[in-house]
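Colleague:
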Amino acid sequence: MNAAARIMLMITALAAQPLSLAPGTRQIARAAAVREHPAVSGDGGAACTTCHTEVTSARVVHGPVAVGQCSACHVVDTGAGVRRIALKGGGSDRDTTALCVACHDDVAERLKLPHRHAPVASGSCTACHDPHGSPFRFQLPADGDGACVRCHQDIAEALAQPHVHPPAATSCRICHDSHAGPQPSQLRARSNAVCGGCHVTAPADRSDAEAAALFGRHAADIVERLAADGSRILLDASLASGHPTRGHPVDRRQDPSRTGRPLDCASCHNPHGSAGAKLLRFGATGVSSLCIRCHGK
Ligand code: HEC
Ligand code: HEC
Ligand code: HEC
Ligand code: HEC
Ligand code: HEC
Ligand code: HEC
Ligand code: HEC
Ligand code: HEC
Ligand code: HEC
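Residues 542 to 838 (our numbering) are what the sequence shown spells out, left to right.
Below you can see the structure in the form of structure tokens.
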């Protein structure tokens with residue numbers, strides 16, 4: 542094909558773009574930049590990696606990439622006569638959910654839970670997982686809490702406070718599911734039940750299945766140690782009152798300091814870290830500066 546014919550084809554391809562795109566959007570800018578992909582002799586393995594060596598060179602390589610199955614996700618699209626690489630099943634860089642859960646049905650199951658983590662809900666699996674590989678487990682961009690705090694600067698700051706909650710320093714995933722959970726903040730149980738798992742009932746009072754339901758399945762032995770170390774508080778039999786002073790509610794009330802939120806352990810304690818002892822909220826360094834936050838007038 543001569544140059545003039547190719548330009549005509551590209552103009553036709555651009556004219557075929559949906560009209561709903563407002564001029565000046567990123568999509569237009571991308572479409573205008575579409576270049577023809579070099580010819581390929583196959584749909585995977587060496588047919589791709591001879592040119593894209595970096596894709597398979599990470600320390601932790603994603604299963605299908607390791608076996609050269611590029612075509613599990615990429616297809617050579619020759620629509621409008623322009624040879625380019627597209628994601629399978631109409632997936633886009635911004636929403637890869639359908640592409641990924643085609644092989645990961647356990648994740649598809651969890652995405653049905655009501656409280657989905659924002660980047661998961663918007664389909665940005667690749668905001669956390671490199672689709673090809675990375676130096677870290679699960680193809681993450683960092684190890685442990687590093688994979689989380691790069692987007693949650695406020696939590697990174699809490700972890701730099703003088704008093705850090707040991708489970709938060711150990712792994713965010715002890716309490717939060719990375720993808721989705723049945724309770725707000727992707728918790729696996731009511732907030733107070735999560736705290737109670739280490740501070741109200743002793744580990745001996747609990748079955749392994751209950752522990753896994755509260756804390757996930759990734760760090761069972763570490764969690765057992767943290768649960769054993771957590772100091773116990775005494776609550777009334779209802780588990781709704783009895784701390785920090787006799788008869789004081791810890792549940793089933795509104796939180797006077799946070800409109801619309803229930804009173805719970807996290808009303809008075811920061812689950813991540815704090816300036817004062819006992820992980821007290823509001824920067825309180827002593828009991829009296831805490832009480833006035835809710836009993837000020
Ligand atoms: C002859 C070398 C060569 C081969 C073989 C090759 N590619 Fe490419 N590929 C390129 C070049 C050059 C680019 C453009 C790179 C750029 O824009 O920085 C590219 C770009 C891409 C892109 C990015 C496209 C985009 O829209 O950003 C993907 C995805 C891709 N190739 C996948 C593949 C797959 C899958 C195969 C095997 C079926 C393959 N390539 C085989 C040279 C090759
Ligand atoms: C599990 C699905 C999946 C497999 C398998 C896969 N890719 Fe990709 N690839 C993607 C996604 C998704 C993107 C877009 C990345 C983004 O938006 O962050 C991508 C992007 C690319 C790019 C663009 C540059 C980059 O790194 O972002 C190249 C080149 C590429 N893939 C080559 C390959 C080759 C070669 C193989 C086979 C060895 C392969 N891919 C296998 C999902 C996959
Ligand atoms: C063609 C099937 C296929 C597709 C599509 C696919 N994966 Fe995978 N994935 C696998 C296989 C196979 C493994 C390795 C076996 C395993 O560990 O479960 C794997 C492993 C993983 C792992 C590591 C699991 C572990 O326990 O170490 C993560 C994370 C992952 N995939 C995320 C993704 C994401 C994100 C996407 C979409 C961009 C995706 N996968 C698309 C097949 C697929
Ligand atoms: C906010 C970061 C983040 C996003 C976004 C994300 N993941 Fe994950 N994913 C993780 C972390 C961290 C792990 C490590 C193990 C865990 O927490 O379950 C993981 C583990 C996995 C695993 C392997 C172990 C398991 O739990 O089955 C798969 C498969 C997976 N993710 C797929 C996906 C898919 C598909 C999407 C998009 C719908 C996605 N992830 C979006 C952070 C994320
Ligand atoms: C790519 C950026 C990104 C990464 C990485 C990320 N998050 Fe998030 N997360 C968000 C966004 C955006 C929100 C929604 C806005 C908000 O509440 O800050 C959110 C919300 C949350 C919430 C709920 C906040 C609420 O008010 O209910 C929790 C809990 C959370 N993330 C935990 C984690 C954990 C644990 C990890 C690591 C596995 C992680 N995040 C990694 C972007 C990210
Ligand atoms: C001991 C359990 C626990 C651990 C471990 C934990 N969190 Fe939380 N987190 C909670 C609870 C409970 C809430 C809800 C607090 C509330 O009601 O205000 C929460 C709230 C959040 C929120 C939203 C509200 C806010 O404070 O901004 C984000 C984001 C968050 N956590 C991220 C993380 C990250 C990142 C890690 C790891 C560094 C982590 N969490 C570790 C229990 C925990
Ligand atoms: C996986 C176990 C675990 C979970 C879940 C957990 N903690 Fe802790 N917590 C600990 C450990 C271990 C310590 C450090 C030992 C100690 O002082 O109790 C600690 C310390 C504390 C302290 C400080 C005690 C002191 O003497 O300084 C408070 C307050 C606290 N946790 C509240 C909470 C709240 C509120 C929740 C729920 C959001 C929670 N914890 C969930 C294990 C846990
Ligand atoms: C109304 C505020 C408030 C609520 C709600 C609250 N706490 Fe506390 N908590 C405190 C104060 C104040 C202290 C410090 C008491 C002291 O230093 O004498 C404390 C101390 C603690 C300690 C340290 C005990 C020790 O032996 O030093 C733990 C653990 C703890 N709380 C866990 C929890 C858990 C779990 C919940 C939810 C069931 C909860 N707290 C709810 C205010 C609260
Ligand atoms: C996060 C908000 C909050 C903080 C902080 C708080 N309280 Fe309360 N307190 C409540 C709520 C809610 C009630 C129930 C009010 C009602 O029933 O109308 C309550 C009730 C009480 C009562 C009456 C009920 C009873 O029998 O105990 C006393 C006394 C009390 N608080 C003392 C304290 C003291 C002392 C502190 C500091 C250690 C404190 N409170 C910190 C929210 C808080």
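C-beta: ideal position from N, C-alpha, C; glycine also.
Closer than 6 Å is what we want: which residues have a beta carbon that near any heavy atom of ligand 4? List them in chain order.
Modeller: Residues flagged by the Cβ proximity filter: Thr638, Cys641, Val642, His645, Asp647, Val648, His658, Pro660, Val661, Ser665, Cys666, Ala668, Cys669, His670, Phe679, Leu681, Ala688, Arg714, Ser719, His720 and His759.
Colleague: Where Glu577 and Ala627 are concerned, what is the direct C-alpha to C-alpha distance, given to the nearest angstrom?
Modeller: The alpha-carbon atoms of Glu577 and Ala627 are separated by roughly 12 Å.
Colleague: With burial defined as no fewer than 16 other Cβ atoms inside 10 Å of the residue's Cβ, what is the status of Gly664: buried or exposed?
Modeller: With 16 or more Cβ atoms within 10 Å of its Cβ, Gly664 is classed as buried.
Colleague: If contacts are defined as beta-carbon pairs under 8 Å, then Ser719 and His658 qualify, I think. What distance do you get, rounded to the angstrom?
Modeller: Confirmed, about 7 Å.
Colleague: Gly791 and Asp770 look like a contact to me (Cβ under 8 Å); what is the Cβ gap, rounded to whole Å?
Modeller: A small correction: the amino acid at residue 791 is Val; Gly does not occupy that position in the sequence shown. Val791 to Asp770, Cβ: 21 Å. No contact.
Colleague: I need the straight-line Cα distance from Ala781 to Leu654, nearest angstrom please.
Modeller: If you take the alpha carbons of Ala781 and Leu654, they lie about 26 Å apart.
Colleague: Given a cut-off of 7 Å on the beta-carbon distance, is the pair Leu776 and Val741 in contact?
Modeller: The answer is yes: Cβ separation under 7 Å.
Colleague: If I measure Cβ to Cβ from His615 and keep anything under 6 Å in the same chain, skipping five residues before and after, which residues do I get?
Modeller: Same-chain partners within the cutoff: Ile626.
Colleague: Taking all protein chains shown into account, decide if Asp671 is buried (16 or more other Cβ within 10 angstroms of its Cβ) or exposed.
Modeller: By the 10 Å Cβ count, Asp671 comes out buried.
Colleague: Among Gly586, Pro660, Pro744 and Leu728, which residue has its Cα nearest to the Cα of His673?
Modeller: Of the candidates Gly586, Pro660, Pro744 and Leu728, the one whose C-alpha sits nearest the C-alpha of His673 is Gly586.
Colleague: Between which residues of its own chain and Ala764 is the CB-CB distance below 7 Å, once the five residues before and five after are set aside?
Modeller: Inspection of the sequence shows that residue 764 is occupied by Val rather than by Ala. Correct list, in chain order: Ile715, Ala752 and Phe756.
Colleague: For Gln610, which beta-bridge partners are listed by DSSP?
Modeller: For Gln610, which the question treats as bridged, DSSP gives no partner whatsoever.
Colleague: Here's a check: name, in chain order, each residue in its chain whose Cβ is nearer than 8 Å to the Cβ of Leu700, leaving out the five neighbours to either side.
Modeller: Here the set comprises Asp686, Val690, Ala709, Ala710, His813 and Gly814.
Colleague: Between which two residues does the beta strand (DSSP E) holding Arg625 run?
Modeller: It spans Arg625 to Leu628 - the beta strand (DSSP E) in which Arg625 sits, taken as one unbroken run.
Colleague: Going by DSSP, which residues form a beta bridge with Asp618?
Modeller: For Asp618, which the question treats as bridged, DSSP gives the partners Arg625.
Colleague: Does ligand 5 have even one heavy atom less than 6 Å from the beta-carbon of His706?
Modeller: Incorrect: His706 has no Cβ contact closer than 6 Å to ligand 5.
Colleague: Check whether the Cβ of Cys692 sits closer than 6 Å to any heavy atom of ligand 5, and report yes or no.
Modeller: Yes, ligand 5 has a heavy atom inside 6 Å of this Cβ.
Colleague: What is the C-beta distance between Ala816 and Pro707, in whole angstroms, given that I count them as a contact (C-beta under 8 Å)?
Modeller: Contact flag wrong, Cβ pair sits at about 17 Å.
Colleague: At 4 residues or longer, what runs of the alpha helix (DSSP H) sit wholly inside the region 755-813?
Modeller: Runs of the alpha helix (DSSP H) inside the region 755-813: 761-770 and 806-809.
Colleague: Does ligand 9 have even one heavy atom less than 6 Å from the beta-carbon of Arg834?
Modeller: Yes, since a heavy atom of ligand 9 falls inside the 6 Å radius drawn around the Cβ of Arg834.
Colleague: Going straight from the alpha carbon of Leu681 to that of His789, what length do you get?
Modeller: Going by the C-alpha atoms only, they are around 43 Å apart.
Colleague: Looking only at its chain, what residues have a beta carbon closer than 6 Å to the beta carbon of Gln610, apart from the 5 residues adjacent to it on each side?
Modeller: These residues qualify, in order along the chain: Gly585.
Colleague: What residue from Pro605, His656, Ala668 and Cys644 has the CA that sits closest to Asp634's CA?
Modeller: Among Pro605, His656, Ala668 and Cys644, the Cα nearest to that of Asp634 is on Ala668.
Colleague: Whole-angstrom Cβ separation of Val601 and Phe677, contact assumed at under 8 Å?
Modeller: At roughly 6 Å, the Cβ-Cβ gap stays under 8 Å, so Val601 and Phe677 are in contact.
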